[in-house]
Amino acid sequence: MPPSPVAVSAALNVVEVAAVLAFAISGLLVAADKKLDAVGVCIVAGLTAFGGGTVRDVLLDRRPFFWVERPQWLWGVLLLCVAAMLVLRARHFAVTRKAILWPDALGLGLFTANGTQAAIDLNLPAVVCVLMGVITSVFGGVLRDVVCNDVPEAFSDHRPYAICSFVGAWALIAAEAAGWSLWASLLVATALTASLRLAAVHMNISIPPWDAGGGGK
Amino acid sequence: MPPSPVAVSAALNVVEVAAVLAFAISGLLVAADKKLDAVGVCIVAGLTAFGGGTVRDVLLDRRPFFWVERPQWLWGVLLLCVAAMLVLRARHFAVTRKAILWPDALGLGLFTANGTQAAIDLNLPAVVCVLMGVITSVFGGVLRDVVCNDVPEAFSDHRPYAICSFVGAWALIAAEAAGWSLWASLLVATALTASLRLAAVHMNISIPPWDAGGGGK
Amino acid sequence: MPPSPVAVSAALNVVEVAAVLAFAISGLLVAADKKLDAVGVCIVAGLTAFGGGTVRDVLLDRRPFFWVERPQWLWGVLLLCVAAMLVLRARHFAVTRKAILWPDALGLGLFTANGTQAAIDLNLPAVVCVLMGVITSVFGGVLRDVVCNDVPEAFSDHRPYAICSFVGAWALIAAEAAGWSLWASLLVATALTASLRLAAVHMNISIPPWDAGGGGK
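Chains as they are written, first to last, in full-length UniProt numbering: chain X, 1 to 217; chain G, 1 to 217; chain C, 1 to 217.
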């Protein structure tokens, strides 16, 4: 029996909420590193949290946005930022920087599952669904880095990031094609993406560079 | 009696026109500073002038854009750029840089009122309306700085900018909730935002830094 | 007799396909120069190839995107990137950098014709159609440069680029206003834009700087 539209919608929302918080924290720390002012910290955190999903929704022409339908999440991110600025001190940063790996990997997995599923619901071709999963999970961070005037980490640090999302998104499509339930499929895609990311970081795996580039200058 | 849709539309248009010009001049001067070529100057001026409102309209899924409905404004900004490049000389720049504070503050106020009102017209939640006001007024400048390869001034110069827009947008919502007329509400929001910005600059008020960031590196 | 909608659509598609490949190669080489990792190379190539057309379609609210309707093109660009990374070596780069001028100029012409025509089909004002042609042809490269953390070449290298697109787009509008057939008009606009670009580069023509900027600092 296919899950009802309501169940699909509920599943996507739970996933989206958890991912939003994880990414907001990630944006917060990068903004702090860049010494943005309090306003910049809040906007960059919000952009990281909502940016990927919003770009996906603009591309898919979906309205209302998650954060329009549930404006309490805008308040949530704002409060998170204010709280962080009151509580977090320099000595917490080394710890937090290490701790950020986990919410960030989880956010990557959650947004991959959520973004891919949103495109599947619209019956788009598989490769487009995968692309939407990657955009949802990676473009929050890309916008964060573009606004902070960095080359996006996801494109340049030679650590698997977008590629974990790419694999996880295909896993979601494969699982649903194999007849798995929606929840199981979303769970597997999220877990696979997050695990790949964590494994890559802990095992120090790096994406092979394009050595042609070495003499390109 | 609520204002007719035509009156609302007329009010918004007058406001938008004035703001477009103010922001185009602001973009023009930044582009000149960055030594962009003539084409870059025109595009950056246009992006600063139309960028915030266009991002808002894309997010709100409003069509046609202001500048599609009234294409003469594209010509207007183009002519403004050509005229500025013919007339403005280096010795005018110090003066202009000081003078820019005023149109920029006015544009901030006008776009805040206009962007917030556009979302109110769609019956969106208050916090989303405020966010749209901030995006409309601030994202032209953000796009300008991103394209010019700077960290957006609005996020990093520790001078109140987006926060003035934030306050002005809430004032608009409060005024309309209190039953004020549309015109009075728009006027108050515009004046409040612009005054806050000017006061902040002249009184040298700065946003408290997040001191945790100091030892973050 | 006006061309049938099917013929218009076919003409636009042929043009779009050729332009996508030309721009993907251009993005590829810039990404290599920036030493992005393999993932970054693919995403930047895709962004350069599809970015301009996607921005145009978002602005015009056209769906589905070209690359959603024909997802094989996403695969095409991905394969192109993988092949390039396997085959291209540093010693090829000087040659390729020179060779890139041609596909890039062709892409500029093709996207100008295609983007302008898409807006003409929607009966938009002429200046908006021209702007759409310029956005389609130039914004892929602008997004590429913004993501790679450069001031967009198109705005700052003082070589005619966007301005060739601007002239070509007006030529398309003039040709159609003069009653030329769709194919002839598209061909003329493409050829004119590409020729202007190639002529400008080979004859070392540069856009006059805004000399006022010289003393602006």
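Ideal placement from N, C-alpha and C gives every residue a C-beta, glycine not left out.
In three-state DSSP terms, what is residue i?
i	result
X/Cys148	coil
X/His92	helix
X/Lys98	helix
X/Asp57	helix
C/Ala178	coil
X/Met203	coil
G/Trp210	coil
G/Gly215	The predicted position of G/Gly215 is uncertain, since its pLDDT is 43 and thus under 50; no value can be drawn from it.
G/Phe65	coil
C/Arg197	helix
X/Asp33	helix
X/Met1	Reliability of the predicted coordinates at X/Met1 is poor, the pLDDT of 48 falling under 50, and no value is obtained from them.
Chain C partners of residue i, CB-CB under 7 angstroms?
i	result
G/Gly40	Phe155 and Ser156
G/Ile173	Ordered by position in chain C, no residue passes the 7 angstroms Cβ test against G/Ile173, which lies about 28 angstroms from the chain.
X/Ile207	Asp37, Ala38 and Val39
Mind pulling the chain C residues with CB within less than 9 angstroms of residue i?
i	result
X/Leu124	Pro64, Val68 and Pro71
X/Pro103	Under the 9 angstroms cutoff, chain C gives no residues; its nearest Cβ is about 21 angstroms from X/Pro103.
Which chain G residues sit within Cβ distance under 8 angstroms of residue i?
i	result
C/Leu131	Leu74
C/Val128	Trp67, Val68, Pro71 and Leu74
What in chain X is Cβ-close to residue i, meaning under 7 angstroms?
i	result
G/Val30	In chain order: nothing, as chain X lies at least about 15 angstroms away.
C/Leu36	Phe155 and Ser156
List the residues of chain X that residue i touches, going by C-beta distances under 9 angstroms, in chain order.
i	result
residue 256 of chain C	In the structure as shown, chain C starts at 1 and stops at 217, and residue 256 of chain C therefore has no counterpart that could be examined.
G/Trp210	Ala31, Ala32, Lys35, Leu36, Asp37, Ala38, Val41, Ala84, Met85 and Leu88
With a cut-off of 8 angstroms on the beta carbons, I'd call residue i and residue j a contact; round off their distance for me.
i	j	result
C/Ala169	C/Asp104	That pair is no contact at about 17 angstroms.
G/Ala24	G/Leu80	6 angstroms
G/Ala175	G/Ala189	7 angstroms
C/Leu47	C/Gly76	With a Cβ gap of about 15 angstroms, C/Leu47 and C/Gly76 do not count as contacting.
G/Gly115	G/Ile135	7 angstroms
G/Val68	C/Val128	5 angstroms
X/Phe139	X/Gly52	4 angstroms
C/Val201	C/Arg159	6 angstroms
X/Leu186	X/Gln117	6 angstroms
G/Ser137	G/Phe155	Not confirmed; about 14 angstroms, so no contact.
X/Val44	X/Arg144	6 angstroms
C/Thr54	C/Leu108	About 17 angstroms separates the two Cβ atoms, so there is no contact after all.
*Please go through the UniProt domain "Glycine transporter" (102 to 174) of chain C and give each complete alpha helix (DSSP H) segment of 4 or more residues, from N-terminal end onward.*
Taking only runs of at least 4 residues, the alpha helix (DSSP H) segments lying wholly in the UniProt domain "Glycine transporter" (102 to 174) of chain C are 126 to 147 and 153 to 156.
>> What are the residues in the stretch 57 to 88 of chain G lying within 7 angstroms of chain C by C-beta distance?
In response: Going along the stretch 57 to 88 of chain G in chain order, one finds Val58, Arg63, Val68, Pro71, Leu74, Trp75, Met85 and Leu88 with a Cβ nearer than 7 angstroms to chain C.
Anything in the stretch 137 to 151 of chain X with a Cβ closer than 9 angstroms to a Cβ of chain C? List those residues in chain order, please. So the list reads Val138, Val142, Asp145, Val146, Asn149, Asp150 and Val151, given in the order they occur along the chain.
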